[in-house]
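J.:
In my numbering, the protein residues as written are -7 to 454.
1. Give me the Cα-Cα distance between residue 133 and residue 199, rounded to the nearest whole angstrom.
2. Taking residue 272 as the reference, which of 32, 79, 169 and 139 has the closest Cα?
3. With a 10 Å radius around its C-beta and 16 neighbouring C-beta atoms as the bar for buried, classify residue 431 as buried or exposed.
4. Less than 8 Å between the beta carbons of residue 206 and residue 308, yes or no?
5. Which residue comes first and which comes last in the alpha helix (DSSP H) that contains residue 440?
6. In whole angstroms, give me the CA-to-CA distance for residue 160 and residue 126.
7. The beta strand (DSSP E) that contains residue 257, what's its start and end?
8. Quick check on residue 435: does DSSP put it in helix, strand or coil?
9. Residue 140 and residue 171: beta carbons closer than 8 Å?
10. The alpha helix (DSSP H) that contains residue 91, what's its start and end?
11. So, for residue 500: in the same chain, excluding its five sequence neighbours on each side, which residues have a beta-carbon less than 8 Å away from its beta-carbon?
12. Could you tell me which residues DSSP puts in a beta bridge with residue 455?
13. Might you give, ordered along the chain, the residues of its own chain that have their beta carbon closer than 7 Å to the beta carbon of residue 168, omitting 5 neighbours on each side?
14. Could you check which residue in 418, 124 and 381 has the C-alpha nearest to that of residue 55?
15. By how many angstroms is the C-alpha of residue 57 removed from the C-alpha of residue 405?
16. Excluding the five sequence neighbours on either side, which residues of its own chain have a C-beta within less than 6 Å of the C-beta of residue 398, listed in chain order?
17. Whose C-beta lies closer than 8 Å to the C-beta of residue 244 among residues of the same chain, with five residues either side of it excluded?
18. How would you call residue 26, buried or exposed, if buried means at least 16 neighbouring beta carbons within 10 angstroms?
19. Please confirm whether residue 113 and residue 146 have their CB atoms less than 8 Å apart.
20. Between the C-alpha atoms of residue 279 and residue 423, what's the straight-line distance to the nearest angstrom?
21. Which residue marks the beginning of the alpha helix (DSSP H) containing residue 62, and which one marks its end?
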């Protein structure tokens, strides 16, 4: 629960409704048309590349990818929409589930020598949360500056004493948009949440994705906090990236912007933006979205990528409550012969979100879109793979809240080599999923119909 007691719950709900009514999604067709027609440009560790070098890189990408048109169109369009560069020379490591992700994070934290910046929607006071706390306190005691941002709603079940211990150890801790308006340093915006999961170590290595800091991830995808999940013995299936290379500077910039926007104490003088060298061959764009933007950069990027798809759209998402434009982009893609596959949860920590998403199954199935539900785990991944060359992982869900109310962070990776890893991961999830048959789906019980209807009524708040 976000608040305790019937009065508090009702008050918060009314505030959320009022805030939600003010925000709307952009006209994607108009914005995409406005930004179309630019030339794709790239950067590396030394800065922007010339038009000639950019054209040569694009030509090589297209040669390796079978001359798929999405590359040139989408790269240029994203560049115009997002503003952040597409950066060469990175090494991206795909991390699946909590154990692998936490092991990589712990190794990076132990190796830190200058600073550690951690931003997480949820930081639980459990075994995993205390492992992080102990390690961060140890590094702070050695002179490595640690700065932590946590979301007030996301950590509502975490005792104040947990964060007080971090502060007492010298760690700078910032509560994002406190539920209590008297504690707010910036403008109090109850509906705005920091849903990002970002760790930056020494300005040189970063982690982003869907994994919070919580013991629900400790078993991998073999239960969320205090909420009871159907089949709560199941592990959690999630995806994260470890990134090294020049694009880490963009991710660091997003952390610093959030810290500044929330009026945190001036950051201790450290080398937050060191000179970064080439670490690999991956081409990456970092995308951050906040409600302060004119529109969600992540939302428009995804809708445009689906609109440019020629062969495949493979989405794996934990919370799927599409708005009309996203729904139309998926249906239109299927109509022009694109193979559209969705892997969605078979169980969720939010029953209302789960059924709100299922309300769209009939329309999607009728359009020829294939839907699968992941069994044996609580699906929490947020990934996209388009035409075998465009990959995306991050914190953003496919729902109204992520696109309108949350701070989110995603990364786009361009190229077939990395996409092959994404393809293998998608195939593995597909093998552990059950296909939704249209004929059988239409025979579902009246109770499920009612739950879908009820979820649809509340979808703007989910």
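All C-beta atoms, glycine included, are put in the ideal place defined by N, C-alpha and C.
T.: Here's the rundown:
1. By 1-based counting over the chain shown, the position of residue 133 is 141. By 1-based counting over the chain shown, the position of residue 199 is 207. Taken atom to atom, the span from the alpha-carbon of residue 133 to that of residue 199 is near 23 Å.
2. To locate residue 272, count along the chain shown from 1; it is residue 280. Taking only the C-alpha atoms, the option nearest residue 272 is 79.
3. What you label residue 431 is simply residue 439 of the chain shown in a count that begins at 1. Exposed, by the Cβ-count rule.
4. Residue numbering aside, residue 206 sits at position 214 when the chain shown is read from its first letter. Residue numbering aside, residue 308 sits at position 316 when the chain shown is read from its first letter. Going by C-beta atoms, residue 206 is not nearer than 8 Å to residue 308.
5. The residue labelled residue 440 in the question sits at position 448 within the chain shown. First-last of the alpha helix (DSSP H) with residue 440: 438 to 449.
6. Numbered from its first residue, the chain shown carries residue 160 at position 168. Numbered from its first residue, the chain shown carries residue 126 at position 134. One C-alpha to the other measures close to 13 Å.
7. Position 265 of the chain shown holds residue 257. Residue 257 -> no beta strand (DSSP E), and no H or E assigned at all.
8. Here residue 435 refers to the residue found at position 443 of the chain shown. Look at residue 435 here: in three-state DSSP terms it is coil, with no helix or strand label.
9. Walking along the chain shown from the start, residue 140 turns up at place 148. Walking along the chain shown from the start, residue 171 turns up at place 179. In this structure, residue 171 does not lie closer than 8 Å to residue 140 by Cβ.
10. Indexing the chain shown from 1 puts residue 91 at position 99. Per DSSP, residue 91 belongs to the alpha helix (DSSP H) from 89 to 102.
11. Here the chain has residues from -7 to 454 only, and residue 500 is not among them.
12. Any property of residue 455 remains undetermined from this structure, which presents the chain solely from -7 to 454.
13. Reading the chain shown from its first residue, position 176 is the one you call residue 168. Cβ within range, chain order: 141, 142, 143, 144, 186 and 254.
14. For the purposes of this step, residue 55 is taken as the residue at position 63 of the chain shown. That would be 381, whose Cα lies nearest to the Cα of residue 55.
15. Locating residue 405 in the chain shown gives position 413, where the first residue counts as 1. Locating residue 57 in the chain shown gives position 65, where the first residue counts as 1. Taking the straight line joining both Cα atoms gives about 14 Å.
16. Along the chain shown, read from residue 1 onward, the residue named residue 398 stands at position 406. Excluding sequence neighbours, residue 398 sits near 185 and 187.
17. Sequence index remark: in the chain shown, residue 244 carries index 252 (1-based). Once the five neighbours on either side are set aside, the close Cβ partners of residue 244 are 109, 192, 195, 198, 264 and 265.
18. In the chain shown, counting from the first residue as 1, residue 26 sits at position 34. That one is exposed.
19. Residue 113 sits at position 121 when you count from the first residue of the chain shown. Residue 146 sits at position 154 when you count from the first residue of the chain shown. Yes, they are a contact pair.
20. For this step, residue 279 is matched to residue 287 along the chain shown. For this step, residue 423 is matched to residue 431 along the chain shown. If I take the Cα positions, the gap works out to 30 Å.
21. Walking along the chain shown from the start, residue 62 turns up at place 70. Element bounds for residue 62: 62 to 74.
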